[in-house]
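Visitor:
Residue numbers (my numbering): 314 to 590.
#1: Run through the segment 509-545 for me and flag every whole beta strand (DSSP E) of 3 or more residues, listed as ranges in chain order.
#2: Using C-beta distances below 8 Å, list every residue in its chain close to residue 537, excluding the 5 sequence neighbours before and after it, in chain order.
#3: Using the C-alpha atoms, what's the distance from residue 336 back to residue 442?
#4: How about residue 375 and residue 422: are their beta carbons less than 7 Å apart?
#5: Could you check whether the Cβ of residue 569 sits closer than 6 Å to any heavy atom belonging to the ligand HEM?
#6: For residue 447, list the residues DSSP reports as bridge partners.
#7: Using a threshold of 7 Å, state whether the C-beta atoms of residue 359 and residue 543 are closer than that.
#8: Just to confirm my understanding: we take residue 409, look at its own chain, exclude 5 residues before and 5 after, and list those with CB closer than 8 Å. What are they?
#9: Considering only residues of the same chain and omitting the five flanking positions on each side of residue 569, which have a CB-CB separation below 6 Å?
#10: Among 540, 464, 483, 529, which residue has its Cα nearest to the Cα of residue 505?
#11: What's the C-alpha gap between residue 534 and residue 577?
#12: Are the CB atoms of residue 560 and residue 485 nearer to each other than 7 Å?
#13: In three-state DSSP terms, what is residue 452?
#14: Go ahead and label residue 387 buried or exposed: buried means 16 or more other beta carbons lie within 10 angstroms of its beta carbon, across all protein chains shown.
#15: Less than 7 Å separating the beta-carbons of residue 563 and residue 479?
#16: In whole angstroms, give me the CA-to-CA distance for residue 590 and residue 430.
#17: With a threshold of 16 other CB atoms inside 10 Å of the CB of residue 416, please say whether the residue is buried or exposed.
#18: Less than 7 Å between the beta carbons of residue 383 and residue 391, yes or no?
#19: Per DSSP, which residues does residue 567 bridge with? Please list them.
#20: Taking the alpha-carbon of residue 507 as reference, which of 530, 467, 531, 496 has the nearest alpha-carbon?
#21: Shortest alpha-carbon distance to residue 595 belongs to which of 395, 356, 557?
#22: Can you tell me the Cα-Cα spacing of residue 525 and residue 385, whole angstroms?
#23: Excluding five sequence neighbours on each side, which residues of the same chain lie with their C-beta closer than 6 Å to the C-beta of residue 395?
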């Protein structure tokens with residue numbers, strides 16, 4: 314269950330009733346050893362929720378890197394009323410998006426999660442060939458009252474969107490009351506994804522009409538879980554209603570063959586990378 318007893322959840326700018334327009338994500342963990350089943354779900358649903366893929370200790374080490382920086386560099390962690398790893402917000406400190414902040418995103422303990430052997434191997438099997446990952450990484454830190462608006466990443470990447478996937482990684486155990494990623498079911502199949510898109514709007518043509526009765530899906534997430542979704546999927550996050558920061562990271566993955574020899578901005582993995590870590 315998403316959160317027993319919760320009747321309504323704020324998802325982006327929407328307030329959705331649980332069980333009506335907000336439903337539980339399909340758990341695809343049982344397909345982990347069957348790449349064709351994963352590909353089928355990505356095509357049909359636009360996303361796959363895979364539990365326990367990552368090494369929990371490594372994810373917690375990555376969390377420590379982020380939380381330590383929030384404390385030492387930004388002074389936004391309340392360390393008097395609990396352990397630093399609880400990531401309690403100091404006073405009314407607000408969360409923020411750290412895009413490509415390399416002291417965090419390229420710290421060895423963070424890269425060992427974001428570019429882990431498990432992820433390289435998984436994407437290699439999904440893509441049926443060498444995977445690449447975008448060098449830029451996104452760290453999202455959200456405090457009480459914050460959420461991510463509804464949007465599709467396609468419009469930031471439309472110049473290289475072919476077969477591009479997002480991998481969302483929570484650096485903590487989160488319920489929809491703390492801020493989980495939610496996807497709009499079927500949104501990746503809308504026709505309004507054009508190469509020369511209007512960057513001011515990050516939603517496909519026709520989404521307003523589609524969204525009036527669209528169903529959204531989210532879930533509880535635990536350390537080690539990941540969510541992979543098609544770059545076109547319209548998604549948002551649920552609002553954080555707690556006194557703690559919600560921390561997550563996003564990476565982008567694409568088959569090397571889709572880049573036609575131009576891997577600018579991406580790291581290419583070879584067979585040995587998924588074998589050796």
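Even for Gly, the Cβ is constructed at its ideal location relative to N, Cα and C.
Guide: In short, the structure shows the following:
#1: Runs found: 529-531, 539-543.
#2: Your numbering for residue 537 matches position 224 in the chain shown. Correct list, in chain order: 364, 365, 366, 367, 368, 369, 372.
#3: On the chain shown, position 129 is the one that residue 442 refers to. On the chain shown, position 23 is the one that residue 336 refers to. Each residue's alpha carbon lies about 34 Å from the other.
#4: Here residue 375 refers to the residue found at position 62 of the chain shown. Here residue 422 refers to the residue found at position 109 of the chain shown. Going by C-beta atoms, residue 375 is nearer than 7 Å to residue 422.
#5: Ligands are entirely absent from the displayed structure, and the ligand HEM is therefore not among its contents.
#6: Position 134 of the chain shown, counted from the start, is the residue given in the question as residue 447. Note: residue 447 sits in a beta bridge opposite 579.
#7: Counted from its first residue, the chain shown places residue 359 at position 46. Counted from its first residue, the chain shown places residue 543 at position 230. Yes, they are a contact pair.
#8: As a first step, residue 409 must be located in the chain shown, where it is residue number 96. Closer than 8 Å at Cβ, skipping near neighbours: 454.
#9: Position 256 of the chain shown, counting from 1, holds the residue named residue 569. Around residue 569, the same chain offers 443, 445, 581 as residues with beta carbons nearer than 6 Å, after the five sequence neighbours per side are excluded.
#10: Start at 1 with the first residue of the chain shown, and residue 505 comes out as number 192. If you compare the alpha carbons of 540, 464, 483, 529 with that of residue 505, the shortest gap goes to 464.
#11: Here residue 534 is taken as the residue at index 221 of the chain shown, counted from 1. Here residue 577 is taken as the residue at index 264 of the chain shown, counted from 1. Their Cα atoms are separated by approximately 33 Å.
#12: Taking the first residue of the chain shown as position 1, residue 560 is located at position 247. Taking the first residue of the chain shown as position 1, residue 485 is located at position 172. Yes, the Cβ-Cβ distance between residue 560 and residue 485 is below 7 Å.
#13: Stepping through the chain shown from its first residue, residue 452 is reached at position 139. Three-state DSSP puts residue 452 in a strand.
#14: Residue 387 sits at position 74 when you count from the first residue of the chain shown. In summary, residue 387 is exposed, with fewer than 16 beta-carbon neighbours lying within 10 Å of its beta-carbon over all protein chains present.
#15: Working through the chain shown from its first residue, we reach residue 563 at position 250. Working through the chain shown from its first residue, we reach residue 479 at position 166. Remark: C-beta atoms of residue 563 and residue 479 approach each other more closely than 7 Å.
#16: To locate residue 590, count along the chain shown from 1; it is residue 277. To locate residue 430, count along the chain shown from 1; it is residue 117. Residue placement at residue 590 is poorly supported in this model, since its pLDDT is 47, which falls under 50; the coordinates still yield a value, given next. Between residue 590 and residue 430, the C-alpha separation is close to 4 Å.
#17: As a working mapping, residue 416 is identified with position 103 in the chain shown. That one is exposed.
#18: In the chain shown, the residue the question calls residue 383 occupies position 70. In the chain shown, the residue the question calls residue 391 occupies position 78. No.
#19: Numbered from its first residue, the chain shown carries residue 567 at position 254. Looking at the DSSP assignment, residue 567 forms a beta bridge with 445.
#20: Here residue 507 refers to the residue found at position 194 when the chain shown is read from its first residue. When only C-alpha atoms are compared, the closest one is 467.
#21: The chain is shown from 314 up to 590; residue 595 falls before or after that span and cannot be answered.
#22: As a first step, residue 525 must be located in the chain shown, where it is residue number 212. As a first step, residue 385 must be located in the chain shown, where it is residue number 72. The alpha-carbon atoms of residue 525 and residue 385 are separated by roughly 44 Å.
#23: The count along the chain shown starts at 1 and reaches residue 395 at position 82. Within the same chain, residue 395 has close Cβ partners 401.
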